[in-house]
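First comes the structure, then the notes that go with it.
Residue numbers (this note's numbering), protein chains in the order written: chain A, 6 to 936; chain B, 199 to 315.
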């Protein structure tokens with residue numbers, strides 16, 4: 006529970022600054038700092054347990070059935086990071102109080118900052134990889150908000166977008182990697198994953214996992230070649246740079262390396278990828294940092310370089326190197342955060358960050374200058390400061406590695422070069438800013454900052470000094486437990502003494518310091534040399550790339566969708582064919598099974614009719630009314646086929662739908678030209694369409710044949726066995742519709758109702774000319790409603806309704822049911838429109854079809870809900886048998902009521918569609934009030 | 199008989215797809231209807247083709263599969279609603295654009311270059 010509070014108090018803290026908005030600036034800062042302070046206290050209360058090597062975990066069940074739990078885990082590594090996040094976070098809150106001006110929206114800033122803090126805590130305290138990834142993405146988003154805090158500045162918006170794109174890309178890679186790990190190991194829980202290193206390393210997915218996870222880590226930690234977002238993120242307010250871009254967020258990447266170190270490291274691939282990237286980043290960052298004129302630019306590249314150093318250490322595949330990396334994480338966080346804060350103070354009090362203008366500030370702000378110089382010395386690795394210790398360990402470790410054989414000496418040499426460059430830019434930071442003559446045209450006269458603005462810097466510098474002077478006492482236990490958690494094993498013996506005697510690492514340090522001084526002294530030549538290169542602005546390139554992607558996407562879309570339906574339809578059909586053809590080409594079974602199928606004359610006749618009807622529909626499609634006749638021939642054959650193959654329900658439905666569909670199509674045709682104009686498609690398009698259509702037909706025919714000749718167990722036996730006992734009916738098809746799969750049916754009548762209402766809406770406001778002559782130019786017959794039809798249809802109506810009631814009632818046991826009865830009723834009613842005309846029917850029939858649909862749907866819904874009152878699931882049916890005199894034994898079932906709903910919906914929908922369509926041909930057409 | 203049935207389904211599908219690739223709305227509706235027939239027969243066939251044994255519980259042993267029948271039954275009714283919707287859309291398009299071409303206007307010949315001034 007403590008762990009839970011520790012992790013989630015900051016999340017609540019996000020709203021605190023907003024609530025405290027009305028108070029003064031110091032009060033807002035105070036209230037904001039409260040919850041993180043509580044978290045930090047909670048964290049420290051676990052300190053001794055963690056130092057003893059305990060792993061404290063806490064799980065809260067969430068969706069247990071999916072194995073999703075809220076999982077928190079605190080071990081040495083997590084403790085170290087949580088301390089950095091909360092501790093430096095609190096210092097940054099204090100610092101920002103003085104850094105932000107009156108005009109800045111302070112509560113918004115603090116809110117974002119705490120959001121970031123919560124996200125970062127979530128990353129380090131997660132005991133589940135997916136959960137960790139979630140928080141990981143949250144850090145990207147909150148970092149976006151923080152970088153773009155001064156959103157009136159174009160560079161801030163661009164920098165934020167660049168950072169989000171790069172880290173977001175990495176985040177997606179990480180997710181893929183994490184999922185692969187989960188698939189390989191079978192769990193996303195960190196405890197399991199960390200102990201499954203051998204399983205992961207031997208898995209065939211290992212290369213993919215490693216590359217994806219490393220992409221996530223490298224983009225976040227600004228490793229070469231993904232480093233370019235970090236310098237642009239310097240558009241953020243300096244407290245953000247101090248917090249996110251030196252101490253925490255960019256450390257998330259190396260945290261990931263440390264966290265998954267037991268699971269992923271130890272292979273040559275790890276060594277090559279991680280070490281090479283780290284080394285390149287180390288050198289590139291250090292070299293570029295020397296040439297920066299912007300104070301924060303220098304620090305940003307120096308951060309990149311130090312992150313490269315940490316990455317390099319993790320890549321060496323040596324336990325001690327991993328411990329050294331963890332040590333350097335601590336040291337870098339302290340000196341770099343204090344340097345950023347110092348740079349912020351200089352910027353704040355002198356109005357510039359340009360090192361060409363800032364000179365000789367020592368006279369104006371001696372205390373700040375001293376603090377910054379100590380921190381910069383720690384960065385350079387000067388003895389008696391913390392940076393020296395981890396740099397010595399780094400040198401010792403690169404000397405020890407032998408993985409790349411004879412050229413292993415290259416790594417220590419390059420490491421020394423990197424360290425020399427580091428000394429050079431540290432020296433430049435100190436000498437250019439604080440000495441080196443007088444300031445040049447600064448906007449304001451520099452002076453010391455407010456007292457409390459300097460406190461965070463003082464605290465951090467004091468840590469640098471203390472760790473540097475008494476390493477074993479101050480940091481020993483923390484480093485030991487963090488190192489142990491990182492390598493998931495006992496930490497090898499190491500000594501945190503300052504003096505190890507005269508050895509090679511010390512010599513390397515010496516060379517680095519001397520080399521750094523030499524580089525700095527010859528800086529004029531170097532600057533001239535560097536000026537001959539073109540500078541690359543990553544932000545501009547990024548904009549260009551984004552623009553090109555947009556143009557490319559536009560082109561692709563324009564190619565797929567050029568506004569022509571035919572083209573889209575062709576692509577869709579071709580794609581469907583592709584999707585079908587791939588699996589079907591893998592079915593190896595030949596068509597041999599055909600040999601033992603019998604020949605039945607009626608089937609052959611029917612099939613020939615169907616084939617001829619289909620082809621004729623195509624051939625005469627330009628003469629539309631004939632094509633319609635051919636089409637209805639196909640429909641008729643289909644209904645006969647259903648009847649022949651033991652599906653009476655289907656046959657009845659098909660015949661009835663045939664009737665309404667033909668009426669519908671005839672009504673439609675009434676408003677259309679009677680012939681299709683000659684095609685504009687051209688012979689090539691024609692051939693293309695024929696080819697595609699026939700291939701699809703061939704594939705579908707083959708699938709059909711495979712399906713028919715392949716017999717497998719089906720679930721249907723269940724329905725047949727339970728129809729009578731469970732559903733109380735003998736017509737299995739109907740029982741499936743209204744009982745077993747009642748929920749499906751309900752959805753289907755809902756769709757039917759929606760379609761009908763949609764059509765009703767589309768008919769309104771439709772303006773179409775009423776045709777007065779037929780295709781041959783003859784006037785319509787004067788006798789619109791022939792006498793015989795009128796009389797016969799009128800007397801047929803009650804009979805048809807009676808039959809429909811009969812079909813409806815028997816549906817549960819014999820062919821029939823709501824769908825069929827509804828269609829019969831609809832057909833009989835439409836016949837009245839035919840025989841008597843719209844006005845005659847309207848005068849006599851007051852049924853509002855919309856309400857018929859709605860009541861049908863309501864009946865179905867309420868029938869479904871009724872069982873809930875008796876504690877049964879939705880749509881449970883009830884049935885029982887009763888005996889009445891005269892009638893005899895009969896059955897009552899709730900499914901019948903449900904079927905009534907189906908019936909009403911079908912009648913309502915069909916009538917709503919056809920009657921309104923029919924009315925369009927008369928002056929009774931649907932009228933809508935013009936607004 | 200399976201081969202005959204399959205050929206019929208294949209031909210109906212091919213004709214339906216071909217009509218659906220045409221350029222005029224009414225032809226499209228015809229194609230849609232034809233394709234629905236083919237699809238319904240296809241779905242129906244997934245239960246196997248059996249004669250003389252409707253899925254009514256009684257004295258006869260049932261061989262026919264009731265499940266595809268139930269699926270196809272609703273498919274037929276929904277198919278009608280869909281056809282109706284397509285019809286109305288075609289009519290509406292004609293009423294708005296005065297044309298029954300699928301794109302609302304006579305398409306520039308797509309086999310030649312599409313960029314016209």
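We put the beta carbon where it would ideally sit given N, CA and C, even for glycine.
- Remark: C-beta atoms of residue 415(A) and residue 309(A) do not approach each other more closely than 8 Å.
- Any Cβ of chain A closer than 8 Å to the Cβ of residue 268(B) would place that residue at the interface, and such an atom is present.
- Distance from the CA atom of residue 705(A) to the CA atom of residue 679(A), rounded to whole angstroms, is 32 Å.
- In this model, residue 476(A) and residue 388(A) are separated by some 12 Å (Cα to Cα).
- Runs of alpha helix (DSSP H) with 4 or more residues, each lying fully within the segment 681-717 of chain A, are found at 687-714, listed in chain order.
- Rounded to whole angstroms, the gap between the alpha carbons of residue 339(A) and residue 583(A) is 59 Å.
- In the displayed model, residue 342(A) falls within a helix according to three-state DSSP.
- Close CB contacts of residue 101(A) within its chain, under the 6 Å cut and outside five residues either way in sequence, are with 244 (chain order).
- The closest CA to that of residue 245(B), considering only 200(B), 301(B), 292(B), 303(B), is found on 200(B).
- Using a Cβ distance threshold of 8 Å, residue 305(A) and residue 344(A) do not count as a contacting pair.
- Residue pairing from DSSP places residue 63(A) in a beta bridge opposite 77(A).
- Under DSSP, the beta-bridge partners assigned to residue 68(A) are 73(A).
- Contact between residue 143(A) and residue 168(A) fails: their C-beta atoms lie close to 14 Å from each other, not under 8 Å.
- The Cβ atoms of residue 644(A) and residue 656(A) sit closer than 8 Å to each other.
- For the pair residue 831(A) and residue 845(A), the Cα-to-Cα distance works out to about 17 Å.
- In the structure shown, residue 108(A) adopts coil according to DSSP, grouped into three states.
- A straight-line Cα-Cα distance of about 15 Å links residue 264(B) and residue 717(A).
- The C-beta of residue 291(B) comes no closer than 8 Å to any C-beta of chain A.
- Take residue 897(A), set aside five residues on each side of it, and the residues of its chain with a beta-carbon closer than 7 Å to its own are 884, 885, 887, in chain order.
- Under the criterion of beta carbons closer than 8 Å, residue 9(A) and residue 65(A) qualify as touching, at roughly 7 Å.
- Around the beta carbon of residue 867(A), a 10 Å sphere encloses fewer than 16 other beta carbons of the protein chains shown; the residue is thus reported as exposed.
- Taking residue 538(A) as reference, the option from 201(A), 30(A), 293(A) with the minimal CA-CA separation is 293(A).
- The DSSP assignment places 893-898 as complete runs of the beta strand (DSSP E) inside the segment 891-933 of chain A, in order along the chain (cut-off: 3 residues).
- Put simply, the segment 763-774 of chain A touches the segment 278-287 of chain B. At least three CB pairs are less than 8 Å apart.
- Not one beta carbon of chain A lies nearer than 8 Å to the beta carbon of residue 295(B).
- Taken through DSSP and simplified to helix, strand or coil, residue 294(B) comes out as helix.
- Residue contact check for residue 824(A) against chain B: a CB pair falls below 8 Å.
- The closest CA to that of residue 469(A), considering only 444(A), 383(A), 522(A), is found on 383(A).
- Around the C-beta of residue 138(A), 16 or more other C-beta atoms lie within 10 Å, and the residue is accordingly described as buried.
- Listed along chain A is no residue with a C-beta nearer than 9 Å to that of residue 230(B); the closest approach is about 10 Å.
- Only 818, 819, 820, 822, 824, 825, 827, 828 from the segment 801-835 of chain A bring a Cβ to less than 9 Å from some Cβ of chain B.
- Annotation: residue 622(A) to residue 228(B) spans about 8 Å, alpha carbon to alpha carbon.
- Counted as a single uninterrupted DSSP element, the alpha helix (DSSP H) harbouring residue 811(A) occupies residues 792-815.
- At least one C-beta of chain B is nearer than 8 Å to the C-beta of residue 570(A).
- Closer than 8 Å to the CB of residue 659(A) there is at least one CB belonging to chain B.
- Contact between residue 83(A) and residue 129(A) holds, since their C-beta atoms are separated by about 5 Å, short of 8 Å.
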